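So for the sequence shown, my numbering puts the first residue at 1254; every next one is plus one.
Heads up, the beta-carbon is just placed ideally off N, CA and C, and yes, glycines get one too.
Nothing here was measured: the structure is a model prediction, and the numbers come from that model.
One structure is given here, and the rest of the page talks about it.
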Amino acid sequence: MRIRMLALLSCLMVGGHAYADDGVVERELRIKDGRFYPEVVTVPAGKRIRLVVINEGPGPEEFESTQLRKETVLAEGVKRNVIIAPLKPGEYPFFGEFHMDTANGILKAE
C-alpha cells in the first residue's frame, strides 16, 4: 500500500511540474487605489499569456479590454487568472470600469 501511495504521489508531482512549465508566459497585474500596477505590461508576441490579476482594493475593480475580448470583475482581495491567446506585436489597452479616469493600462506585445 505504501509503495502504491508513493508511486501515485510521484506521478502527481511530475504532472504538477509539467503544468508549471506549460509554455504559457505569466505576468502579474495588481490593482490598488483605482490604478493598475504596472500600467504597461510587456509580453512576448506569439505566446499564450497568463495574466494574474490581483485586486488589493479598496473595493471592487474590473479588468476589461475590448480588443482582447476579456472582462472580469474582482472583489477586493481576489486574485484571478486571465488567459490570453497569442498576440501579434502591438499595444492592447485595458481599463477598470470602476475608476475610468485612473485605471488604465496597456498590454504591449513585442
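| Asked | Found |
| --- | --- |
| Which residues in the same chain have their Cβ closer than 7 Å to the Cβ of R1288, if we skip the five residues on either side of it in sequence? | T1355, A1356 |
| Quick one: what's got a C-beta closer than 7 Å to A1338's C-beta in the same chain, skipping five residues either side? | R1301 |
| In its own chain, which residues sit with a C-beta less than 8 Å from the C-beta of P1313, not counting the 5 before and 5 after it? | V1326, L1327, A1328, E1329, F1351 |
| Measuring CA to CA, which of I1336, G1276, E1279 is closest to R1322? | I1336 |
| Please state whether DSSP places E1350 in a helix, a strand or coil. | helix |
| With DSSP as the reference, identify every bridge partner of V1326, one or two as the case may be. | E1315 |
| Nearest CA to the CA of G1343: which residue from V1306, R1333, V1293? | V1293 |
| Take A1298 and list the residues in its own chain whose beta-carbon comes closer than 7 Å to its own, dropping the five residues that flank it on each side. | L1340, K1341, P1342, A1362, E1363 |
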